[in-house]
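What follows is a short report on a single structure.
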Amino acid sequence: STRRSSIDETKVFYDAMHLFVRKHFCSSFIVESILQSAIIFRKLIAFANVYRLAIFSMIMDFTLTAAAVLSAEQLYSKENWHGFPEFSKPWVYILPALLQTIISLLNGTYKRKSLSTLRTIISLFYGFIILSSLTFFFKQVAFSRAVVLITYIILLVAFPLWRIIVKVIFKIGLESDTRKSRTLIVGNENKVLELTSKLKSDFRNLYQVIGFIGLARKNVGLNIGAYKVLGTLGNIKKIIVDEKIDKVIFSSDGISFDQMFSVVASSQGENVEFMVAGKELDYLVGKSSITMLDDIPLLKVQYNISSLFHRVTKQIFDFCFSLILILLLIYPLIYLITKFTSKKSSFFQFVLGIPKVIKGEKSFVGPLNNSYYGELYVGKIGLTGLWYVESADRNDYDEIKNLDLFYAKNQNIWFDFEILGRTFSKMFFRTE
Numbered sequence: 253s254t255r256r257s258s259i260d261e262t263k264v265f266y267d268a269m270h271l272f273v274r275k276h277f278c279s280s281f282i283v284e285s286i287l288q289s290a291i292i293f294r295k296l297i298a299f300a301n302v303y304r305l306a307i308f309s310m311i312m313d314f315t316l317t318a319a320a321v322l323s324a325e326q327l328y329s330k331e332n333w334h335g336f337p338e339f340s341k342p343w344v345y346i347l348p349a350l351l352q353t354i355i356s357l358l359n360g361t362y363k364r365k366s367l368s369t370l371r372t373i374i375s376l377f378y379g380f381i382i383l384s385s386l387t388f389f390f391k392q393v394a395f396s397r398a399v400v401l402i403t404y405i406i407l408l409v410a411f412p413l414w415r416i417i418v419k420v421i422f423k424i425g426l427e428s429d430t431r432k433s434r435t436l437i438v439g440n441e442n443k444v445l446e447l448t449s450k451l452k453s454d455f456r457n458l459y460q461v462i463g464f465i466g467l468a469r470k471n472v473g474l475n476i477g478a479y480k481v482l483g484t485l486g487n488i489k490k491i492i493v494d495e496k497i498d499k500v501i502f503s504s505d506g507i508s509f510d511q512m513f514s515v516v517a518s519s520q521g522e523n524v525e526f527m528v529a530g531k532e533l534d535y536l537v538g539k540s541s542i543t544m545l546d547d548i549p550l551l552k553v554q555y556n557i558s559s560l561f562h563r564v565t566k567q568i569f570d571f572c573f574s575l576i577l578i579l580l581l582i583y584p585l586i587y588l589i590t591k592f593t594s595k596k597s598s599f600f601q602f603v604l605g606i607p608k609v610i611k612g613e614k615s616f617v618g619p620l621n622n623s624y625y626g627e628l629y630v631g632k633i634g635l636t637g638l639w640y641v642e643s644a645d646r647n648d649y650d651e652i653k654n655l656d657l658f659y660a661k662n663q664n665i666w667f668d669f670e671i672l673g674r675t676f677s678k679m680f681f682r683t684e
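According to our numbering, the residues represented by the sequence shown are 253 to 684, in order.
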């Protein structure tokens, strides 16, 4: 019951269990002790489950820091310094790792649902300053300041690298949801089609409508527009599991709250969000938010792509990544292959666009055809983008526009890394 709760709800739930035991079993010390111990044990498991990503991050950082100190010792060992004295081992590896982990924790690096790369780099800077100061003021631990410097050079690569790999390859720890949410819509025929149209035009959130849930069994299997009625309220849980649904949206017209609550109750434990559309279909109400579906003037929305910081970071990345691909001879090799063969794969087309990236005409990640919608800048045209990884219909102007607007609003360097990772995965492994 607490698997998808916030940590405060988890705490309240188990505090209530403690109170129940104290009230009803206080007459028997042994029974109360056993039950209280069991509750504490189960509470620890629940907390560990809620904070599993943060705990995993701390373990990884601790291990990598200890390994970095050991590696730095081996790299710096020379004739007049043969490594740390034996009496200091293994604490000389453990204590710096523990110190860096605590600094990262205090700096807010470890979050429940995301992996912060920028905060990690800032934490490493703090850690380097503090550890260097300790070796200066406390001579008994000043075995080698060069080892400290080498250690943090290693960590400056290792800490961000494992986070990027986990984000790009395993899609874990992403700050915001940058993939389309697999969505079921529950309601009658007219309302579900209208709601689907509004969801498709919402550029602030990405929805992939998988199908409809009808209100009558006789409609199962029928096509409504471009979508199919997959089932009824009676078998909705099976459909949620089979289709790996992220969101279920109820049209409030024609469905009672009792029916909605019954569906929610039967789907306990599934990682799915339930939302209710207003009767005019101009907003969605969820557990913790209200999403407006009516059009919002574009100039009133803050777009990351217009930020000077994001634009400069993007330009630096485009230039550096282009040079890397050229220096590794990937571009010259692909260029020669296409000159002497008829191969025109997606990867070849991607690589052949590198000269335009270097000249500043295009970007590695960006919109499909348009840099502007009206007077709104959405970025340089990209060699890849959400339009590619989401397999959008390139002739569907509205879908392409919404994907471009979503990208412009949420663009940052880590989002670009994610899209590039998904692009290469799709090119080479036919997966997204």
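Where is the CB? At the ideal position from N, CA and C, for every residue including glycine.
Starting from residue i, trace the beta strand (DSSP E) both ways and give me its first and last residue.
i, result
"Lys480", "479-484"
"Val500", "499-503"
"Leu436", "433-438"
"Phe616", "615-617"
"Ala468", "Neither: Ala468 is in no beta strand (DSSP E) and is coded neither H nor E."
"Val528", "525-529"
Inspect the beta-carbon positions of residue i and residue j and report whether they are closer than 8 Å.
i, j, result
"Lys490", "Tyr555", "no"
"Ser558", "Tyr629", "yes"
"Arg363", "Ala298", "The residue asked about is misnamed: residue 363 is Lys in this sequence, not Arg. Cβ distance not < 8 Å, so Lys363 and Ala298 don't count as in contact."
"Ser385", "Tyr328", "no"
"Asp570", "Pro619", "no"
"Val461", "Thr435", "yes"
"Asp498", "Ser433", "yes"
"Asn359", "Tyr345", "no"
"Val500", "Val524", "yes"
"Ser643", "Ile633", "no"
"Leu351", "Leu383", "yes"
"Phe751", "Val516", "Residue coverage of the chain in this structure runs from 253 to 684, which leaves residue 751 outside it and unanswerable."
"Leu287", "Val273", "yes"
"Ser519", "Val444", "no"
"Gly631", "Gln663", "yes"
"Ile291", "His276", "no"
If you compare alpha carbons, which of the options is closest to residue i?
i, options, result
"Ser615", "Leu635, Ser594, Glu325", "Leu635"
"Val528", "Gln352, Val438, Phe464, Trp666", "Val438"
"Ile665", "Gly335, Phe592, Val564", "Val564"
"Arg672", "Trp639, Phe293, Met512, Phe380", "Checking the sequence shown, residue 672 turns out to be Leu, not Arg. Per the Cα distances, Trp639."
"Lys365", "Pro342, Asp505, Phe308, Thr387", "Phe308"
"Ile586", "Trp333, Val603, Phe573, Ser594", "Val603"
"Thr387", "Lys678, Leu347, Glu670", "Leu347"
"Phe667", "Ala644, Lys596, His562", "His562"
"Ile507", "Lys566, Lys653, Glu441, Leu560", "Glu441"
"Lys452", "Phe669, Phe265, Glu651, Phe676", "Glu651"
"Gly637", "Ser279, Met679, Lys596", "Met679"
"Ser340", "Ala290, Lys330, Glu325, Thr353", "Glu325"
"Phe658", "Phe600, Cys572, Tyr459", "Tyr459"
"Pro584", "Ile606, His334, Leu376", "Ile606"
"Asp645", "Gly631, Gly626, Glu627, Asn621", "Asn621"
"Glu670", "Thr593, Val641, Ser594", "Val641"
"Gly486", "Asn475, Lys470, Leu474", "Lys470"
"Phe265", "Phe592, Arg294, Asn654", "Arg294"
"Ile355", "Trp343, Ile381, Val302", "Ile381"
"Thr353", "Ile568, Val302, Leu376, Lys653", "Leu376"
Output the boundary residues of the alpha helix (DSSP H) element that contains residue i.
i, result
"Gln288", "281-302"
"Val472", "Here Val472 belongs to no alpha helix (DSSP H), and DSSP marks it neither H nor E."
"Glu441", "441-452"
"Leu598", "Checking the sequence, you will find Ser at residue 598 rather than Leu. Ser598 -> alpha helix (DSSP H) spans 598-604."
"Ile424", "That residue, Ile424, is in no alpha helix (DSSP H); it is neither H nor E in DSSP."
"Ile488", "488-494"
Between residue i and the ligand SAH, is the CB less than 7 Å from at least one heavy atom?
i, result
"Cys278", "Absence of the ligand SAH is noted for the structure shown, with no ligands found whatsoever."
Residue i CB to nearest chain D CB: under 8 Å?
i, result
"Gln352", "Although the question refers to chain D, the structure presented lacks it and comprises just one protein chain."
* Asked: Touching or not, the region 565-583 and the region 602-610, by the rule of three or more beta carbon pairs under 8 Å?
  -> yes
* To do: Assess, as a yes-or-no matter, whether the region 312-323 is touched by the region 406-419 under the definition of 3 or more beta carbon pairs within less than 8 Å.
  => yes
* At least three beta-carbon pairs within less than 8 Å, the region 433-449 to the region 476-491 -> yes
* **Validate contact between the region 354-372 and the region 397-416 using beta carbons, cut 8 Å, 3 pairs** => yes
* Answer yes if the region 318-332 comes into contact with the region 401-410, meaning at least three C-beta pairs across the two stretches below 8 Å, and no otherwise. => yes
* Asked: Counting pairs of Cβ atoms below 8 Å between the region 394-406 and the region 456-473, do you hit three or more?
  -> no
* May I have a chain-ordered list of the beta strand (DSSP E) segments no shorter than 3 residues that lie completely inside the region 549-585? => none
* Can you list, in chain order, the stretches of the beta strand (DSSP E) that have 3 or more residues and sit fully within the region 310-382? -> none
* To do: Taking only runs that begin and end inside the region 611-668, name each unbroken alpha helix (DSSP H) of 4 or more residues, in chain order.
  => 638-641, 649-662
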